[in-house]
Amino acid sequence: MKSTLVMEFKTEGGKNTTISITSPRADLTAAEVNAVANEIVTKKAFVINTGAVVSLENAFIRTVEETALP
Numbered sequence: 000m001k002s003t004l005v006m007e008f009k010t011e012g013g014k015n016t017t018i019s020i021t022s023p024r025a026d027l028t029a030a031e032v033n034a035v036a037n038e039i040v041t042k043k044a045f046v047i048n049t050g051a052v053v054s055l056e057n058a059f060i061r062t063v064e065e066t067a068l069p
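Residues in the sequence shown are numbered consecutively from 0, following numbering that gives the first Met the number 0.
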């Protein structure tokens with residue numbers, strides 16, 4: 000199975016943007032994700048056409064299982 004950490008942010012322009020990180024640690028905690036998200040917001044690490052990210056709206060781990068066809 001493939002896992003991806005998905006962090007959904009709100010931008011200065013009021014739009015949503017998503018940052019996805021593949022293969023997150025299995026023991027990753029919400030506190031760790033929130034700490035990194037706060038650093039991203041504080042340092043304006045990501046700026047897109049609708050402005051810098053200003054808040055974390057949602058974060059979750061997406062797990063996908065791929066099955067090859069016979």
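By construction, the Cβ of each residue, glycine as well, lies at the ideal position given by its N, Cα and C atoms.
Quick one: using the 10 Å Cβ neighbour count with 16 as the cut-off for buried, is residue i buried or exposed?
i, result
"Val52", "buried"
"Ala29", "exposed"
"Met36", "Note that residue 36 corresponds to Ala in the displayed sequence, not to Met. Burial call: buried."
Keeping to the same chain, check which residues put their C-beta closer than 8 Å to that of residue i; ignore five residues upstream and five downstream.
i, result
"Ile60", "Ser2, Thr3, Leu4, Val5, Pro23, Leu27"
"Glu38", "Ala44"
Please check the pair residue i and residue j, which I expect to be a contact at CB under 8 Å, by giving their CB distance rounded to whole angstroms.
i, j, result
"Ser54", "Val40", "6 Å"
"Thr17", "Ile47", "Not confirmed; about 11 Å, so no contact."
If you run the structure through DSSP and keep just helix, strand and coil, what is residue i?
i, result
"Ala25", "coil"
"Ala34", "helix"
Could you name the residues of the same chain whose beta carbon sits closer than 6 Å to that of residue i, not counting the 5 residues immediately before and after it, in chain order?
i, result
"Gly13", "none"
"Glu11", "Gly50, Ala51, Val53"
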